[in-house]
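K.L.:
Before we start, here is the structure in question, set down as structure tokens.
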Amino acid sequence: MIPRFFIACFLLYFICLGTTTAQFNTSLQDVRQRLERFAVRPADSLFVVENTAYKEALMQGDIKKQALSLQHMGQLCYGMGLVAQSLNYHLQAEELLKVLGQNSMRANNLNDLGLLLLLNNQGKEAKQSYQEAIKIYTNNNDQKGLAYTYGNLGHLYEKRSDYDSAFFFQTKAMKALELIKDLDGIALIHENLGSIYEDKEQYDVAYLHFSKALDRFKVNGNVPMLIDAYNNVGDVLRKTGRYQEALVYTRKALQLSNETKAYSRLSSAYRDLGKTYNFLNKTDSTFYYLELSRQLYINIYNEDSKNQAALLNVLYDINQKDAQIADMARQKRTATILYSASAIVAMLLIILSIVFIKNQRQRIINERNIREKESALLSAKQQLMEVELRNKKLQEEQLKKEVENKAREISLHTLQAIEKNQLLEEMKKALSEIIRNDSRSYKRELRQLLNKINQSFHKEVHWDDFRRIFEEINQDFFYQLQKINPDLSATDLRLVSLIKLNMNTPDIAALLGISADSLRVSRYRLRKKLGLEQGKSLTSFLQAI
């Protein structure tokens, strides 16, 4: 489920303060949702514009514009998931804003800092930032700013699972918004309160708050928040066992997400539909929607990774250009000194020589410093690549474990089926022997029992689960077989599945409930259907698919 507090707080800040600021979230998926909501696409071009504005303000000595540009660059970095760079820019802005005194601009930056410090596991420092912002808003009698900051503090305590304190500050935010009759802001606080009660598993109260938020978003035209509200209500309904009602709300969220191309919300809607269908024991629908969610999430993740790389390249280029400009300036100063020295009379030659040597030494030191900085930058980039490689390795290990678990599960299903059929075969033989050697009146009942045992060999009690798990491990296997021969029967598909698992002939015969001779006939017919040449191994052919 989408972490509602991040979404609600960011939108409340946007409504109350009229500025684009980073909202509370710790995942790339929710960063994408935040951008979808406001149709904002932080890109390297926007960062270059803000960096240019910062340099102009620096040349003009305009501290306020410098701080504003630094804050915007920090917000752009955070929007692309670059938390460390964002924190650096906001800290620089804070140092400049201290010079300007107690103003709303500094309070806004303190709220951003609080979020970044919280993401950096510096909860104590984050709390101090929020408290300092509250002082400024209180002095300015800014109810909207107070409401936003109270909401932030509520989130901080919610992250600590201190729900009483979280409820206290969300309630204070609600009261501040009620004073100024901000209906949209109140609806967002209802979302936050619903999230708290949902975490506490008080679903009835959570449903009440989410419903109030939903009623407001239906009329205020905020489609992204309306999608989230539908999704939240659907989650609560699913958790309380009202699955059909949950499907209605989740499908509404899916429809709006699809219409507005809100892909992160669309991925969440697919995932929630999969969860609900799982509770309804609809395996095919569960797998279908969870797979749609997974594929969409991967696409979003890849796109965000590309955007991050682009912004990092811009940061690197800016640093390189700054270093080149500084180097050119140093070279220009050195050239000026050299040209001036050539025009001075011989009496000053010794003095000029001393100055020249001194400048040369300074130049060597500066160049060495530049090389050290470039080396440090290269080392940081290499470390980043190593981290990415470790992450990919962890993902591969996780996928490998999942495949191993599925393999164990299918082996367990297969073993159970073999044991059942072997037991039935033994019972069948025993009953047959009784019928042949005994002429008493219950022979007919024994024959009926024997017929039931024969029928149980062909029941498909375990085959659906077996096929589902098998397809998860061997993706596209049946699809490739159908391309070779679309007329393969269900019995053929069962046989090729067991051969694919490298099972021996006795186990396959026991599992299918047929004799070894019948199994040889089935294998011969399967070879003909697959068009195998004489002498070519059926097992090797299936293993190669």
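Positions -22 to -1, 1 to 523 (mature numbering (1 follows the signal peptide of the UniProt record, and there is no 0)) are the ones given, in order, by the sequence shown. Glycine included, C-beta positions come from ideal geometry on N, C-alpha and C.
1) Can you tell me the Cα-Cα spacing of residue 334 and residue 308, whole angstroms?
2) Can the beta-carbon of residue 121 be found closer than 9 angstroms to that of residue 155?
3) Which ranges does the beta strand (DSSP E) cover as unbroken runs of at least 3 residues, wholly within the segment 433 to 490, from first to last along the chain?
4) Between which two residues does the alpha helix (DSSP H) holding residue 238 run?
5) Among 85, 92, 500, 173, whose alpha-carbon lies nearest the alpha-carbon of residue 66?
6) Are the Cβ atoms of residue 61 and residue 94 separated by less than 9 angstroms?
7) Going straight from the alpha carbon of residue 30 to that of residue 57, what length do you get?
8) Enumerate in chain order the residues of its own chain whose CB-to-CB distance from residue 244 is below 8 angstroms, with the five nearest sequence positions on each side excluded.
9) Any idea what DSSP makes of residue 17, helix, strand or coil?
10) Would you check if the distance between the CB atom of residue 68 and the CB atom of residue 90 is smaller than 9 angstroms?
11) How long is the line joining the alpha carbons of residue 112 and residue 85, rounded to whole angstroms?
12) Measuring only the C-alpha atoms, how far is residue 404 from residue 479?
13) Kindly indicate the opening and closing residues of the alpha helix (DSSP H) around residue 130.
14) Using alpha carbons as the reference points, say which of 178, 270, 158 lies closest to residue 142.
15) Is it buried or exposed, residue 522, if we count other Cβ atoms within 10 angstroms and call 16 or more buried?
16) With DSSP run on the structure shown, which of helix, strand or coil describes residue 523?
17) Residue 341: which of 265, 221, 305, 214 sits nearest, CA to CA?
18) Could you tell me which uninterrupted alpha helix (DSSP H) segments, each at least 4 residues in length, are contained entirely in the segment 123 to 211, listed from first to last along the chain?
19) Helix, strand or coil for residue 509, going by three-state DSSP, please let me know.
20) Buried or exposed: which applies to residue 491, given that a residue is buried once 16 or more other Cβ atoms fall within 10 Å of its Cβ?
21) To the nearest angstrom, how far is the alpha carbon of residue 414 from that of residue 497?
22) In whole angstroms, give me the CA-to-CA distance for residue 150 and residue 128.
23) Whether or not the segment 444 to 451 and the segment 459 to 466 are in contact is what I'm after, with contact meaning three or more pairs of Cβ atoms, one per stretch, closer than 8 angstroms; do they touch?
24) Taking just the CA atoms, how far does residue 373 sit from residue 175?
25) Mapping DSSP to helix, strand and coil, what is residue 260?
26) What separation, rounded to the nearest whole angstrom, lies between the Cα atoms of residue 568 and residue 464?
27) With distances taken from CA atoms, which of 423, 474, 428 is nearest residue 445?
28) Counting only runs that start and end within the segment 32 to 64, where is the alpha helix (DSSP H) found for 4 or more residues in a row?
29) Report all residues from its chain with a CB closer than 6 angstroms to the CB of residue 108; omit the five preceding and five following residues, and keep chain order.
30) Using a Cβ-Cβ cutoff of less than 6 angstroms, which residues in the same chain neighbour residue 216 once the five nearest sequence positions on both sides are dropped?
P.N.:
Judging by the given coordinates:
1) 13 angstroms
2) yes
3) none
4) 221 to 238
5) Taking each of 85, 92, 500, 173 in turn and checking the Cα distance to residue 66, the smallest one comes out for 92.
6) yes
7) 19 angstroms
8) 232, 235, 236, 274
9) Because residue 17 carries a pLDDT of 38, less than 50, the predicted location of this residue cannot be relied on, and the following value inherits that uncertainty. The answer is coil: DSSP assigns residue 17 none of H, G, I, E or B.
10) yes
11) Straight-line Cα distance between these residues: approximately 8 angstroms.
12) 25 angstroms
13) 121 to 137
14) 178
15) Classification of residue 522: exposed, given that the 10 Å Cβ count is below 16.
16) coil
17) The closest CA to that of residue 341, considering only 265, 221, 305, 214, is found on 305.
18) Correct list: 141 to 157, 161 to 177, 181 to 198.
19) Shown here, residue 509 sits in coil according to DSSP, grouped into three states, outside any helix or strand.
20) With 16 or more other Cβ atoms within 10 Å, it is buried.
21) 27 angstroms
22) Their Cα atoms are separated by approximately 7 angstroms.
23) These segments do not touch.
24) 33 angstroms
25) Three-state result, residue 260: coil.
26) Residue 568 lies beyond the range of the chain shown here (-22 to 523); nothing can be said about it.
27) 474
28) 41 to 57
29) 92, 127, 130, 131
30) Cβ-Cβ distances below 6 angstroms link residue 216 to 224, 254 in the same chain, with the five nearest sequence neighbours on each side left out; the list follows chain order.
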